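To convert, count from 1 in the sequence shown and add 21; that's my numbering. What follows is a short report on a single structure.
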Amino acid sequence: MVQTICNSCGHSYHWEWVEAFSKFGFSDGDGHVKTYLVSFVLQKAGYAVRIGKWLAHNEIIFSISKDGIDYLPNIGSGFTSGYDHPYKVLPRKIIELLDEAFPPTSVYSFP
Numbered sequence: 022m023v024q025t026i027c028n029s030c031g032h033s034y035h036w037e038w039v040e041a042f043s044k045f046g047f048s049d050g051d052g053h054v055k056t057y058l059v060s061f062v063l064q065k066a067g068y069a070v071r072i073g074k075w076l077a078h079n080e081i082i083f084s085i086s087k088d089g090i091d092y093l094p095n096i097g098s099g100f101t102s103g104y105d106h107p108y109k110v111l112p113r114k115i116i117e118l119l120d121e122a123f124p125p126t127s128v129y130s131f132p
């Protein structure tokens, strides 16, 4: 869990990188959405990342790919974007990259 200071009010708040994959992450999109930071780390490591809005909810990562391999499976694969925990499908190297950039201190619970 990362602790960040709000630029507007000066209070600290916590977030986890897995929230960038959850429809309900970052207080259902009403909090400080940090999906772009997670995407930036992935892009810096050479991954192509596709982000999109989940209707009126959170902005989430829908696709991570590199060298022609898509690491978030499509609909029908048993993984549902926005609802399933990314630990279920992401390779260890991506999880370790994101854990290093945004050290976890708890487990964000998916619905």
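Even for Gly, the Cβ is constructed at its ideal location relative to N, Cα and C. Predicted, not measured: the structure shown is a model, and the values here were computed from it.
- If you check the CB distance, Phe47 and His53 come in under 8 angstroms.
- Per DSSP, Gly46 is one residue of the alpha helix (DSSP H) stretching across 46-49.
- The alpha helix (DSSP H) runs of length 4 or more contained entirely in the stretch 45-80 are, from start to end of the chain, 46-49, 56-65.
- Residue environment analysis places Thr101 among the exposed positions, since fewer than 16 neighbouring C-beta atoms fall within 10 angstroms of its C-beta.
- Burial check for Phe42: the Cβ neighbour count within 10 Å reaches 16 or more, so the residue is buried.
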